[in-house]
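**Student:** Under this note's numbering, the first residue of the sequence shown is numbered 5, with each subsequent residue one higher. Virtual Cβ for every residue (Gly too), placed ideally from N, Cα, C.
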Amino acid sequence: MLKTPLASAHKRLGAQMVNFGGWYMPVFYTNLIEEHQATREKAGLFDICHMGEIKITGTKSQDLVQQLITRNIDNMPIGKVYLSVICNEQGGIIDDLTIYKIAEDEYMLVTNAGTKDKDFGQVLKVKKQLGLTDSEVKVSDISDKIAKLDLQGPNSKLILKKICSADLDSLKFYRFIKTKILDIKVIISCSGYTGELGYELYFNAKEAVKVWNKLLSIGKRWGLKPIGLGARDTLRLECGMNLYGHEISEEFHPLQSRYGWVVSFDKEFVGRRALEKIKVKGWEKQLVGFEMVGRGIARNCYQIFKNGQRVGWVTSGTYSPTFKKAIGMAYIDKKYDKLGNKLKIKIRDNLVEAKIAKLPFYKRR
């Protein structure tokens, strides 16, 4: 298994380690509910060093990124972060990712861990299609050189201020700054995968243990805890955020997976023509949220029925520590996607009642 620079630190903290897509990662340190609630109520620290980072530089870097992703970056300012998707020619989602505009001729793509190599290959493919030379655009996989930590929760700003002199109060959502912490160069963005106030930190991978330990040390007074993959999943699901391989993949397009808002039909990108046809023709399955009415937790791939007919399947399901009930997301026939519509989900040998619910389930006040 691949290991992040913090693998030994997790073991010292007594983490339960698992194989996560080929990575040796902590699933929890104490228990899922405690770590979930700590992030919602105080603060949580996540090792996200397994994520991918791709650097794109050069005079034609904007042209490459513009053709690669579905979102229009013509007016994207330096210091801004965009969420977008990369599509194949058929409009299927290769990955959802964030784009950082570092300078006029420099971008950083932050990818999912399991799709990083595929994303990198797609970047090179689009570069070739555009006929761009190495002197015009340089593409680099810098994932092994970058550590990524996510500091999330209501107290995250108080904690980060103790090691960062930059003006965090003026750092707006989905913006980033380049600064220093502990004399280490760092990019800090106000963003995250939990729905809480939070920050994503990018810096030299050699400094990962130093920064991790310092944050945990100074964060104790504000209730900071290390958080594993288990709570990361329940936090993102409460916020209706997609997980690659569950809600999104190359089998699904952004219009049906609640990513229609990141598709800009006013510019060229890979997959545009296919998505234009889909937009006109329509599609059969739509991603929705649901909550269980009957007893039970619906898990990935559980089948969904309406009037005795199979109409969809669960993509993600869990018990929500915040709402104290079972929730999830699913693809179902569009004609049944109205809020409050009752469905049946097969859990083991029983058909259990559920209803379509509004996404996101959780929204920060």
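1) What whole-angstrom Cβ distance do R299 and F50 have, given they're in contact under 8 Å?
2) Would you call the stretch 342 to 361 in contact with the stretch 214 to 233, where contact means no fewer than 3 C-beta pairs closer than 8 Å?
3) Could you round the C-beta distance between L43 and Q156 to whole angstroms and report it? I think they count as a contact, below 8 Å.
4) Excluding the five sequence neighbours on either side, which residues of its own chain have a C-beta within less than 8 Å of the C-beta of K122, listed in chain order?
5) Beta-carbon within less than 6 Å of R240's beta-carbon, same chain only, minus the 5 sequence neighbours each way: which residues are those?
6) In three-state DSSP terms, what is R44?
7) Check whether the stretch 19 to 35 and the stretch 83 to 94 are in contact - that is, three or more C-beta pairs closer than 8 Å.
8) Taking C-beta to C-beta, are I308 and I336 nearer than 8 Å?
9) Please state the DSSP three-state secondary structure of G298.
10) Which residue comes first and which comes last in the beta strand (DSSP E) that contains A334?
11) Taking contact to mean at least 3 C-beta pairs separated by less than 8 Å, is the stretch 183 to 193 in contact with the stretch 123 to 135?
12) Which residue marks the beginning of the beta strand (DSSP E) containing F309, and which one marks its end?
13) Got a sec? Which residues, its chain only, sit under 6 Å from L219 by beta carbon, not counting five neighbours each side?
14) Looking only at its chain, what residues have a beta carbon closer than 7 Å to the beta carbon of E251, apart from the 5 residues adjacent to it on each side?
15) Could you check which residue in H40, V22, N23 and S12 has the C-alpha nearest to that of T326?
16) Looking at I60 and Y104, is the spacing between their C-beta atoms short of 8 Å?
17) Out of curiosity, what's the CA-to-CA distance linking K362 and R303?
18) Compute the Euclidean distance between the alpha carbons of K283 and H257, then round it to the nearest angstrom.
19) Check each candidate in F273, K350, V143 and I58 and name the one with the smallest Cα separation from G312.
20) How about the stretch 137 to 148 and the stretch 55 to 69: do they share at least three Cβ pairs that are nearer than 8 Å?
21) Using the DSSP secondary-structure output, state which residues sit across from W287 in a beta bridge.
22) For W216, report the span of its alpha helix (DSSP H) as first-last.
23) Quick one: grab the DSSP three-state call for T238.
24) Please classify D353: is it buried, with 16 or more other beta-carbons within 10 angstroms of its beta-carbon, or exposed?
25) Give the secondary structure of G344 by DSSP, where H, G and I count as helix, E and B as strand, and everything else as coil.
26) For I90, write down the residues that DSSP places opposite it in a beta bridge.
27) Would you kindly report the start and end of the unbroken beta strand (DSSP E) that includes R314?
28) Just list the residues that DSSP pairs V85 with in beta bridges.
29) With the cut-off set at 8 Å, would you say L201 and S160 are in Cβ contact?
30) Go through its chain and collect everything with a Cβ distance to R368's Cβ below 8 Å, but skip five positions before and after it.
**Tutor:** Taking the geometry as given:
1) Not confirmed; about 32 Å, so no contact.
2) no
3) Checking the sequence, you will find Thr at residue 43 rather than Leu. At roughly 5 Å, the Cβ-Cβ gap stays under 8 Å, so T43 and Q156 are in contact.
4) I98 and D99
5) Y197
6) helix
7) no
8) yes
9) coil
10) K329 to D337
11) no
12) Q307 to K310
13) L49
14) S261, L291, T319, S320 and M333
15) H40
16) no
17) 19 Å
18) 10 Å
19) K350
20) yes
21) For W287, which the question treats as bridged, DSSP gives no partner whatsoever.
22) A212 to G223
23) helix
24) exposed
25) coil
26) I73 and D99
27) Q313 to S324
28) Y104
29) yes
30) G199, E200 and L201
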